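Protein chains in written order, with this note's numbering: chain G, 13 to 128; chain B, 7 to 118. Glycine included, each C-beta is placed from N, C-alpha and C at the ideal position. All values reported here derive from a predicted model rather than from experimental measurement.
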Amino acid sequence: DARVTQTPRDKVTEMGQEVTMRCQPILGHNTVFWYRQTMMQGLELLAYFRNRAPLDDSGMPKDRFSAEMPDATLATLKIQPSEPRDSAVYFCASGLSGRLWTYEQYFGPGTRLTVT
Amino acid sequence: GNSVTQMEGPVTLSEEAFLTINCTYTATGYPSLFWYVQYPGEGLQLLLKATKADDKGSNKGFEATYRKETTSFHLEKGSVQVSDSAVYFCALAYSSASKIIFGSGTRLSIRP
């Protein structure tokens, strides 16, 4: 049963520290998405990639957030420096686009980030 | 621009009650429409989809019909169970783009 995996599942850190979240998309999927979910803002799209190239990162605070795909099996989301307002659950999702589009995004279990 | 509006929650029902969660959309052209569900502590997962007008998506007793004339995709279930307690997201997407536009989510709680 193919799944999106995310690490760590929980992260508690102090303000000002660097945070790196990792995602392994489902093998063969060519699109990867990063979302942030909070009670106040709901689900927000931060960035997404197709074939490892960034397509849209307009939802991401550029001064402190960065997203990369070093290879097809790994996506990373980095926050430096972290702030208390970054506390949220961060989800990674993957899917297929183009003529193989299956309409569905597969979500990972999320990383719960708490910045104190 | 394209957007999805769904009824605000929380919605609280008794077990075996009839469920409707309203969803309307604003879009150009002919998007595909979806309902995703998020159970406590988990990521979202696709519940059902409809890819063209008048299509009915169904899964696990849930149904939704793509109504182009009213730009709606309301979610219904005839008899809810405690295990249906979750947050439900209405969404739309186009085949030419990868990303999905989600609504704000509706929290559903079912009382035994």
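Inset, instruction - Determine the direct distance from the alpha carbon of D60 (chain B) to that of K74 (chain B), and round the result to whole angstroms. - result: By one-based count along the second sequence, residue 74 (chain B) stands at place 68. By one-based count along the second sequence, residue 60 (chain B) stands at place 54. For K74 (chain B) and D60 (chain B), the distance between alpha carbons rounds to 7 angstroms.
Inset, instruction - For A70 (chain B), return the contacting residues in chain G, with the cut-off set at a CB-CB distance below 9 angstroms. - result: Position 64 of the second sequence, counted from the start, is the residue given in the question as residue 70 (chain B). Per Cβ cutoff of 9 angstroms: no residues; A70 (chain B) is ~14 angstroms from chain G at best.
Inset, instruction - Quickly, what does DSSP pair A99 (chain B) with across the bridge? List them, please. - result: Working through the second sequence from its first residue, we reach residue 99 (chain B) at position 93. Per DSSP, B:S38, B:I106.
Legend entry - Same chain, Cβ closer than 7 angstroms to A100 (chain G), five either side skipped, listed in chain order: On the first sequence, position 88 is the one that residue 100 (chain G) refers to. Excluding residues within five positions, the ones whose Cβ falls inside 7 angstroms are R48, Q49, T50, L125.
Legend entry - 7 angstroms Cβ shell around E116 (chain G) - same chain, five flanking residues per side excluded: The residue you call residue 116 (chain G) lines up with position 104 of the first sequence. Counting only Cβ-Cβ distances below 7 angstroms, and skipping sequence neighbours, we find G107.
Inset, instruction - Within the same chain, show all residues whose beta-carbon is closer than 7 angstroms to that of L57 (chain G), passing over the 5 residues directly before and after it, in chain order. - result: As a first step, residue 57 (chain G) is located in the first sequence; it is residue number 45 there, counting from the start. Closer than 7 angstroms at Cβ, skipping near neighbours: F45, Y47, G71.
Inset, instruction - Determine the contact status of P96 (chain G) and M27 (chain G), defining contact as a CB-CB distance below 8 angstroms. - result: Position 84 of the first sequence holds residue 96 (chain G). Position 15 of the first sequence holds residue 27 (chain G). Contact: yes.
Inset, instruction - Inspect the beta-carbon positions of Y85 (chain G) and A79 (chain G) and report whether they are closer than 8 angstroms. - result: Position 73 of the first sequence, counting from 1, holds the residue named residue 85 (chain G). Position 67 of the first sequence, counting from 1, holds the residue named residue 79 (chain G). Rather than Tyr, the amino acid found at residue 85 (chain G) in this sequence is Thr. No. Outside cutoff.
Inset, instruction - Under 8 angstroms between beta-carbons, which chain G residues line up against G111 (chain B)? List them in chain order, please. - result: The sequence position of residue 111 (chain B) within the second sequence is 105, counting from 1. Those within 8 angstroms of G111 (chain B) in chain G are G54, L55.
Legend entry - the stretch 62-74 of chain B touching the stretch 108-115 of chain B, judged by at least three CB pairs closer than 8 angstroms: no
Legend entry - At least 3 beta-carbon pairs within less than 8 angstroms: the stretch 79-87 of chain B vs the stretch 10-30 of chain B: yes
Legend entry - Spatial distance of V119 (chain B) from G49 (chain B) (CA atoms): Nothing can be reported for residue 119 (chain B): it is not among the residues displayed for chain B, which extend from 7 to 118.
Inset, instruction - With DSSP as the reference, please indicate the residues paired to N8 (chain B) in a beta bridge. - result: As a position in the second sequence, residue 8 (chain B) is number 2, starting the count at 1. N8 (chain B) is not bridged to any residue.
Inset, instruction - With hydrogens ignored, establish whether the beta-carbon of G40 (chain G) is closer than 7 angstroms to any heavy atom of the ligand ZN. - result: With respect to the ligand ZN, the structure shown offers nothing to examine, as it has no ligands at all.
Legend entry - Under 8 angstroms between C-beta atoms of S94 (chain G) and Q29 (chain G): As a position in the first sequence, residue 94 (chain G) is number 82, starting the count at 1. As a position in the first sequence, residue 29 (chain G) is number 17, starting the count at 1. Yes; because the gap between Cβ atoms is below 8 angstroms, this pair is in contact.
Legend entry - Interface flag, G49 (chain B) vs chain G, CB-CB below 8 angstroms: As a first step, residue 49 (chain B) must be located in the second sequence, where it is residue number 43. Judged by the 8 angstroms Cβ criterion, G49 (chain B) is in contact with chain G.
Inset, instruction - Just grab the DSSP bridge partners of N65 (chain B) for me. - result: Numbered from its first residue, the second sequence carries residue 65 (chain B) at position 59. Note: N65 (chain B) sits in a beta bridge opposite B:F68.
Legend entry - C-beta neighbour in chain B for G71 (chain G), strict 8 angstroms: The residue labelled residue 71 (chain G) in the question sits at position 59 within the first sequence. Judged by the 8 angstroms Cβ criterion, G71 (chain G) is not in contact with chain B.
Inset, instruction - Taking the CB atoms as reference points, tell me whether G120 (chain G) and T17 (chain G) lie closer together than 8 angstroms. - result: Within the first sequence, the letter at position 108 stands for residue 120 (chain G). Within the first sequence, the letter at position 5 stands for residue 17 (chain G). It is a contact, given that the beta carbons lie within the stated cut-off.
Legend entry - Beta-carbon proximity of A92 (chain B) to V17 (chain B), cut-off 8 angstroms: Numbered from its first residue, the second sequence carries residue 92 (chain B) at position 86. Numbered from its first residue, the second sequence carries residue 17 (chain B) at position 11. The answer is no: Cβ separation not under 8 angstroms.
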